[in-house]
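Student: For the sequence shown, the residue numbers in full-length UniProt numbering are 1 to 253.
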Amino acid sequence: MAGRQIAAAAAAGTTDPATRSSSSSSSSSSKKHECPICFEGFSLDDENRPKVLSCGHSLCCSCICRLIDGEAAAAQPLLPLLLEVAAGRRRLNELQQQQQQQQQQQQQQQQQQQQQGSSSLPAAAAAPAAGLLSWGSVDDPASASLTAAAAAAATATAAAAAAAEQQRLRTLLSSSLLAAPIRCPCCRCWSRVAAENLALLQSAEEEEQHRKRRLEQQQQKQQQQQQQQQQERRRALKRRPPGTEETASDAQV
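Written out as structure tokens, the structure is:
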């Protein structure tokens with residue numbers, strides 16, 4: 001039964017790969033996936049994100065490059081494009097992190113300005129009455145506004161750079177080379193595995209049939225031997241003269 005289930009699962013993977021890929025894609029991207037060619041584990045969050053083929057299977061980039069090199073059907077090499085996409089993803093992650101840091105700094109500065117403004121209002125109201133207005137109290141709001149303007153400009157610059165890099169990455173990902181249908185050998189691998197499983201299943205069934213036949217033959221031989229022994233005993237009893245059986249039984253008693 002276990003061999004039949006394995007063979008059925010492998011055959012299902014060959015006949016309906018989209019179902020197999022949809023079930024794997026429904027899992028979280030943080031989990032490790034297995035390349036159906038090299039059987040190496042990889043994550044969908046890696047820098048070299050694997051390519052999803054037209055058949056729906058996800059292969060690691062190294063196997064995709066070997067596949068393209070082996071097929072030699074593409075007019076443009078795929079490896080430089082994949083490296084450029086990986087660099088673009090890395091650069092986009094860095095810019096997004098910078099943007100988040102700039103936003104956090106801007107929020108912190110705004111909170112500090114609000115706190116300083118609320119604390120300086122009573123002091124500013126009491127200072128003219130006492131005639132103690134200092135230069136620092138006048139310069140602090142101006143310097144704070146300049147700092148806030150610089151932070152806002154840095155945040156806007158980081159956001160613009162991240163948006164530009166994201167647009168460039170989208171342009172790279174929309175390349176016709178990445179969208180081109182590629183013949184995936186994983187289907188052949190799965191068909192080979194299915195064939196091997198079916199062969200193992202057939203051999204196991206044949207061995208089971210041979211074992212049953214051997215048991216049946218042994219049982220038949222035993223029955224034949226028992227029948228022969230009973231027939232020989234009957235013949236031996238018939239050949240004995242009358243009264244011998246009674247005397248033998250009396251002697252035993």
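Just so you know, even glycine gets a beta-carbon here, dropped at the ideal spot from N, CA and C.
Mapping DSSP to helix, strand and coil, what is A130?
Tutor: Confidence at A130 is low in this model, with a pLDDT of 48, below 50, so its placement is unreliable and the value that follows should be read with caution. Three-state result, A130: helix.
Student: Determine which residues share a DSSP beta bridge with E34 and list them.
Tutor: E34 pairs with G41.
Student: Under a three-way DSSP split, which group does C63 fall into?
Tutor: Three-state DSSP puts C63 in a helix.
Student: At the level of alpha carbons, what is the spacing between E84 and A160?
Tutor: If I take the Cα positions, the gap works out to 20 angstroms.
Student: Taking just the CA atoms, how far does Q104 sit from Q111?
Tutor: Distance between the alpha carbons of Q111 and Q104 is about 11 angstroms.
Student: Going by other Cβ atoms of all chains shown within 10 Å of its Cβ, with 16 needed for buried, is S30 buried or exposed?
Tutor: Residue placement at S30 is poorly supported in this model, since its pLDDT is 49, which falls under 50; the coordinates still yield a value, given next. It is exposed - the Cβ of S30 has fewer than 16 other Cβ atoms within 10 Å.
Student: What number of angstroms, rounded off, separates the C-alpha of K238 from the C-alpha of Q227?
Tutor: Distance between the alpha carbons of K238 and Q227: 16 angstroms.
Student: To the nearest angstrom, report how far apart residue 257 and A86 are at their CA atoms.
Tutor: Examination of residue 257 is not possible in this model, given that the chain is present from 1 through 253 alone.
Student: If the criterion is Cβ atoms closer than 9 angstroms, does the pair L92 and A162 meet it?
Tutor: Their beta carbons are under 9 angstroms apart, which means L92 touches A162 by this criterion.
Student: Let me confirm a value: T155 is counted as buried when at least 16 other C-beta atoms fall within 10 Å, else exposed. Which label applies?
Tutor: Per the 10 Å Cβ criterion, buried.
Student: Using the C-alpha atoms, what's the distance from R235 back to Q219?
Tutor: Going from the Cα of Q219 to the Cα of R235 covers about 24 angstroms.
Student: State the DSSP-derived secondary structure class of S143, mapped to helix, strand or coil.
Tutor: Residue state, collapsed to three classes: helix.
Student: Closest by CA to A147, which one among E94, T171 and Q108?
Tutor: Correcting the residue identity first, residue 147 is Thr in this sequence and not Ala. The shortest Cα separation from T147 among E94, T171 and Q108 belongs to Q108.
Student: Quick one: what's got a C-beta closer than 8 angstroms to A152's C-beta in the same chain, skipping five residues either side?
Tutor: Result list for A152: Q106, in chain order.
Student: Do you know offhand how far Q114's Cα is from T157's?
Tutor: Between Q114 and T157, the C-alpha separation is close to 24 angstroms.
Student: Between E165, R211, Q222 and T171, which lies nearest to R90 when the distance is taken from Cα to Cα?
Tutor: Answer by Cα proximity: E165.
Student: Using DSSP with H/G/I as helix, E/B as strand and the rest coil, what is residue 254?
Tutor: The first residue shown for the chain is 1 and the last is 253, placing residue 254 beyond what the model contains.
Student: Please report the distance separating the alpha-carbon of T171 from that of P80.
Tutor: Near 15 angstroms, if we compare the C-alpha coordinates of P80 and T171.
Student: Report buried or exposed for Q102, applying the criterion of at least 16 other Cβ atoms within 10 angstroms of its Cβ.
Tutor: Q102 is buried by the Cβ-count criterion.
Student: Count the other CB atoms within 10 Å of the CB of L215; is the residue buried (16 or more) or exposed (fewer)?
Tutor: Exposed is the call here.
Student: Can you say whether Q99 is buried or exposed, counting buried as having 16 or more other CB atoms within 10 angstroms of its CB?
Tutor: Answer is buried; the Cβ neighbour count reaches 16.
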